[in-house]
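Visitor: Here it is: the structure, laid out below.
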Amino acid sequence: MFRDGYHYSPGSGNGILVDVTATILETTTPGPTAGPASTDKRVLLLKPRGFCAGVVRAIDIVKIALDTFGAPIYVRKEIVHNRFVVNELAEKGAIFVDDIDQVPSGMRVIYSAHGVSPAVREQSKERKLKVIDATCPLVTKVHVEAIKFAKQGYSLILIGHRDHDEIEGTLGEAPDVTQVVSSAEEVKALQVPDPDHVAYLTQTTLSLDEARDIIQALKEKFPKIAGPHSQDICYATENRQTAVKNVAHQADLVLVVGSNNSSNSNRLVEVSQNLSTRSYLIENSAAIDSVWLDGVSTVAVTAGASAPEILVEDVVAYLRDRGFGSVEEVEVMPENVRFGLPPEIVQAIQSAPGATPATV
Ligand code: SF4
Numbered sequence: 000m001f002r003d004g005y006h007y008s009p010g011s012g013n014g015i016l017v018d019v020t021a022t023i024l025e026t027t028t029p030g031p032t033a034g035p036a037s038t039d040k041r042v043l044l045l046k047p048r049g050f051c052a053g054v055v056r057a058i059d060i061v062k063i064a065l066d067t068f069g070a071p072i073y074v075r076k077e078i079v080h081n082r083f084v085v086n087e088l089a090e091k092g093a094i095f096v097d098d099i100d101q102v103p104s105g106m107r108v109i110y111s112a113h114g115v116s117p118a119v120r121e122q123s124k125e126r127k128l129k130v131i132d133a134t135c136p137l138v139t140k141v142h143v144e145a146i147k148f149a150k151q152g153y154s155l156i157l158i159g160h161r162d163h164d165e166i167e168g169t170l171g172e173a174p175d176v177t178q179v180v181s182s183a184e185e186v187k188a189l190q191v192p193d194p195d196h197v198a199y200l201t202q203t204t205l206s207l208d209e210a211r212d213i214i215q216a217l218k219e220k221f222p223k224i225a226g227p228h229s230q231d232i233c234y235a236t237e238n239r240q241t242a243v244k245n246v247a248h249q250a251d252l253v254l255v256v257g258s259n260n261s262s263n264s265n266r267l268v269e270v271s272q273n274l275s276t277r278s279y280l281i282e283n284s285a286a287i288d289s290v291w292l293d294g295v296s297t298v299a300v301t302a303g304a305s306a307p308e309i310l311v312e313d314v315v316a317y318l319r320d321r322g323f324g325s326v327e328e329v330e331v332m333p334e335n336v337r338f339g340l341p342p343e344i345v346q347a348i349q350s351a352p353g354a355t356p357a358t359v
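Using numbering that gives the first Met the number 0, you'd call the opening residue of the sequence shown number 0 and step up by one each time.
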């Protein structure tokens with residue numbers, strides 16, 4: 000039973016939250032007898048894959064806000080890094096903007112799952128915006144650590160990708176004392192006022208292996224470096240990478256469903272390639288080049304944390320049409336994480352006409 004995602008459903012009677020993933024799984028996992036009987040071509044469907052708890056929460060927040068307050072609802076940046084999700088929400092009335100100054104004064108704005116810097120919060124206040132914060136709680140954890148280290152006078156090294164929305168937000172917590180590094184090579188050039196008073200944090204969606212190498216380089220350069228109490232790379236990033244590591248050797252090809260700008264999806268491709276299994280990042284089945292399948296008998300399919308299951312279904316259907324008749328789900332570890340909704344959304348749900356108390 001696949002029970003790690005819940006979606007808001009306005010038409011579900013008492014319904015605030017309903018579990019829809021079990022249904023999705025039934026349609027994508029046909030069991031051992033499905034497909035052409037004679038085929039030896041197979042699909043290994045990795046689990047866990049796709050939506051994480053932070054993404055489910057962020058999408059639910061936009062849907063509930065649209066449902067409760069009505070369109071338009073402004074969203075700063077892509078709510079999650081997936082084109083399909085963004086387009087779907089835009090069709091329902093969400094307006095995606097890059098900057099707060101594109102939101103008319105006094106309107107409602109949602110911050111994306113990747114978080115924002117204090118400067119953005121300040122700008123929203125100046126424009127008298129009604130803010131709903133969809134920042135993933137695991138991103139907030141990193142912000143809190145950055146604030147704590149900065150208050151204690153540490154120089155902060157933030158490991159991550161400079162152009163990513165999450166790094167922009169975390170960096171903004173303590174910009175005067177924070178430096179971003181993206182590789183072990185860059186560590187060599189770091190200069191800090193006191194090498195005995197340095198701390199590091201990481202982006203939540205990095206490659207575990209790459210982050211480990213960078214942290215090792217930091218420890219060699221700054222032997223007294225402090226770090227977070229628990230790893231900043233989130234459970235969803237780690238679980239999806241572990242699943243690829245466990246299954247890539249059984250496959251000739253690994254297809255990762257996700258958008259180009261999705262950090263955790265790109266890392267899944269790298270994990271597979273590092274294990275010498277060919278891998279491609281695909282937005283959906285239309286992005287598959289049929290030549291990739293030449294001579295391939297086993298394709299492993301996974302999805303980044305922001306890619307919806309419907310796109311995985313689409314890829315599986317494409318492969319089935321090309322003779323990959325056996326679809327086997329390979330569960331590498333269970334995943335049962337859920338996050339609560341922010342207070343402003345809980346309040347909105349509770350005051351909606353006909354609403355009954357629900358676990359949020
Ligand atoms: Fe949160 Fe991790 Fe999902 Fe990002 S990938 S939204 S940090 S759970």
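Think of the CB as a built atom: it goes at the ideal place given N, C-alpha and C, for glycine as much as any other residue.
Values in this document were obtained by computation on a predicted structure and should not be read as measured data.
According to DSSP, what are the bridge partners of residue 225?
Guide: In the sequence shown, the residue the question calls residue 225 occupies position 226. For residue 225, which the question treats as bridged, DSSP gives the partners 198.
Visitor: I'd like to check one pair, residue 255 with residue 42: are the Cβ atoms closer than 8 Å?
Guide: Here residue 42 refers to the residue found at position 43 of the sequence shown. Here residue 255 refers to the residue found at position 256 of the sequence shown. No.
Visitor: Closer than 6 Å from C-beta to any heavy atom of the ligand SF4: which residues, in chain order?
Guide: 51, 52, 53, 54, 112, 135, 137, 138, 203, 204, 233, 235, 236, 263 and 304
Visitor: If you measure between the beta carbons of residue 232 and residue 205, is that distance less than 8 Å?
Guide: Taking the first residue of the sequence shown as position 1, residue 232 is located at position 233. Taking the first residue of the sequence shown as position 1, residue 205 is located at position 206. Against a cut-off of 8 Å, the Cβ pair of residue 205 and residue 232 comes out as a contact.
Visitor: Please determine if the region 274-282 and the region 173-182 are in contact, where contact requires at least 3 C-beta pairs separated by less than 8 Å.
Guide: no
Visitor: Roughly how many whole angstroms lie between the Cα atoms of residue 296 and residue 119?
Guide: Indexing the sequence shown from 1 puts residue 296 at position 297. Indexing the sequence shown from 1 puts residue 119 at position 120. Rounded to whole angstroms, residue 296 to residue 119 spans 50 Å at the Cα level.
Visitor: Between which two residues does the beta strand (DSSP E) carrying residue 210 extend?
Guide: By one-based count along the sequence shown, residue 210 stands at place 211. Per DSSP, residue 210 belongs to no beta strand (DSSP E); it is in the alpha helix (DSSP H), 207-220.
Visitor: Cα separation between residue 284 and residue 313?
Guide: For the purposes of this step, residue 284 is taken as residue 285 along the sequence shown, with counting starting at 1. For the purposes of this step, residue 313 is taken as residue 314 along the sequence shown, with counting starting at 1. If I take the Cα positions, the gap works out to 6 Å.
Visitor: Quick check on this structure: which residue in 199, 52 and 59 has the alpha carbon closest to the alpha carbon of residue 345?
Guide: Here residue 345 corresponds to residue number 346 of the sequence shown, with the count starting at 1. Closest option to residue 345, Cα to Cα, is 59.
Visitor: Please work out which residues of its chain come closer than 6 Å, Cβ to Cβ, to residue 330, disregarding the five sequence neighbours upstream and downstream, and give them in chain order.
Guide: Residue mapping note: residue 330 aligns to position 331 of the sequence shown, counting from 1. Closer than 6 Å at Cβ, skipping near neighbours: 46.
Visitor: Using only the alpha-carbon positions, how far apart do residue 109 and residue 219 sit?
Guide: As a first step, residue 109 must be located in the sequence shown, where it is residue number 110. As a first step, residue 219 must be located in the sequence shown, where it is residue number 220. Their Cα atoms are separated by approximately 41 Å.
Visitor: Taking C-alpha atoms, which residue in 196, 192, 217 and 148 lies nearest to residue 181?
Guide: Indexing the sequence shown from 1 puts residue 181 at position 182. Among 196, 192, 217 and 148, the Cα nearest to that of residue 181 is on 217.
Visitor: Pull up the distance between the alpha-carbon of residue 66 and that of residue 89, whole angstroms please.
Guide: On the sequence shown, residue 66 is found 67 positions in, with the first residue counted as 1. On the sequence shown, residue 89 is found 90 positions in, with the first residue counted as 1. Cα-Cα distance, rounded: 13 Å.
Visitor: Could you pull out every unbroken alpha helix (DSSP H) segment of at least 4 residues lying fully inside the region 27-96, listed in chain order?
Guide: 52-68 and 82-90
Visitor: Between the beta-carbon of residue 292 and the beta-carbon of residue 302, is there less than 8 Å?
Guide: Taking the sequence shown and counting its residues from 1, one reaches residue 292 at position 293. Taking the sequence shown and counting its residues from 1, one reaches residue 302 at position 303. Cβ distance not < 8 Å, so residue 292 and residue 302 don't count as in contact.
Visitor: Does DSSP put residue 115 in a helix, a strand or coil?
Guide: Position 116 of the sequence shown, counted from the start, is the residue given in the question as residue 115. Reduced to three states, the DSSP call for residue 115 is coil.
Visitor: How big is the Cα-Cα spacing for residue 87 and residue 192?
Guide: By 1-based counting over the sequence shown, the position of residue 87 is 88. By 1-based counting over the sequence shown, the position of residue 192 is 193. Whole-angstrom Cα-Cα distance: 48 Å.
Visitor: Could you check if residue 268 is buried or exposed, using at least 16 other CB atoms within 10 Å of its CB as the buried criterion?
Guide: As a first step, residue 268 must be located in the sequence shown, where it is residue number 269. That one is buried.
Visitor: For residue 325, write down the residues that DSSP places opposite it in a beta bridge.
Guide: For the purposes of this step, residue 325 is identified with residue 326 of the sequence shown, where counting begins at 1. Bridge partners of residue 325: 41.
Visitor: Please state whether DSSP places residue 187 in a helix, a strand or coil.
Guide: As a first step, residue 187 must be located in the sequence shown, where it is residue number 188. It is coil, neither helix nor strand.
Visitor: Taking 8 Å as the limit between beta carbons, can you name the residues of its chain near residue 272, skipping five residues before and five after?
Guide: For the purposes of this step, residue 272 is taken as the residue at position 273 of the sequence shown. For residue 272, where only same-chain residues beyond five positions count, the Cβ hits under 8 Å are 278.
Visitor: Within the continuous alpha helix (DSSP H) that includes residue 310, where are the two ends?
Guide: Here residue 310 refers to the residue found at position 311 of the sequence shown. From DSSP, the alpha helix (DSSP H) with residue 310 extends over 308-320.
Visitor: With residue 300 as the anchor, note down where its beta strand (DSSP E) starts and where it stops.
Guide: Counting from one through the sequence shown, the residue named residue 300 turns up at place 301. First-last of the beta strand (DSSP E) with residue 300: 297-302.
Visitor: Classify residue 143 as helix, strand or coil using the three-state DSSP reduction.
Guide: Counting from 1 along the sequence shown, the entry for residue 143 is found at position 144. It is helical.
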